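If you count by full-length UniProt numbering, then the sequence shown holds residues 1 to 73, one letter each, in order.
C-beta atoms are modelled at their ideal positions from N, C-alpha and C, and glycine is treated no differently.
On a predicted model such as this, the values are computed, not experimentally measured, just so you know.
Quick notes on the structure that follows.
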Amino acid sequence: MARDPDTIQREIEQARDALAATLDQLGTKASPKRLVEGAKAEARSKLDDPRVKYALIGAGVLVGLLVVRKIFS
Numbered sequence: 001m002a003r004d005p006d007t008i009q010r011e012i013e014q015a016r017d018a019l020a021a022t023l024d025q026l027g028t029k030a031s032p033k034r035l036v037e038g039a040k041a042e043a044r045s046k047l048d049d050p051r052v053k054y055a056l057i058g059a060g061v062l063v064g065l066l067v068v069r070k071i072f073s
C-alpha cells in the first residue's frame with residue numbers, strides 16, 4: 001500500500017530532528033573541554049584523599065633525601 005507523500009515528508013523531518021538532537025548530545029559528551037575538566041576534577045579528588053596525599057609527600061621526602069645523600073657522598 002502506497003504511503004502519503006506528506007506523511008513520508010513529516011517522518012523524514014522527525015528523523016532529522018531526532019538525529020540532530022542525538023548529534024548535539026554526543027558533541028556535548030565528547031567535548032574536549034568537558035573531558036579535560038572532568039579529568040582535572042577526578043585528579044583533584046584523588047589528590048585530596050589523605051592516603052594518596054601522604055604517600056606522595058613521603059615519596060617526595062624519600063627522593064629528596066636520596067638526592068641530598070648522593071650530593072654529599
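Spatial distance of residue 6 from residue 13 (CA atoms): As a position in the sequence shown, residue 6 is number 6, starting the count at 1. As a position in the sequence shown, residue 13 is number 13, starting the count at 1. Here the C-alpha atom of residue 6 lies approximately 11 Å from the C-alpha atom of residue 13.
For residue 19 and residue 55, the rounded distance between their alpha carbons: Counting from one through the sequence shown, the residue named residue 55 turns up at place 55. Counting from one through the sequence shown, the residue named residue 19 turns up at place 19. Cα to Cα, the separation comes out at about 48 Å.
CB contact flag (residue 47, residue 40, <8 Å): Stepping through the sequence shown from its first residue, residue 47 is reached at position 47. Stepping through the sequence shown from its first residue, residue 40 is reached at position 40. Contact annotation: residue 47 and residue 40 have beta-carbon atoms that are not nearer than 8 Å.
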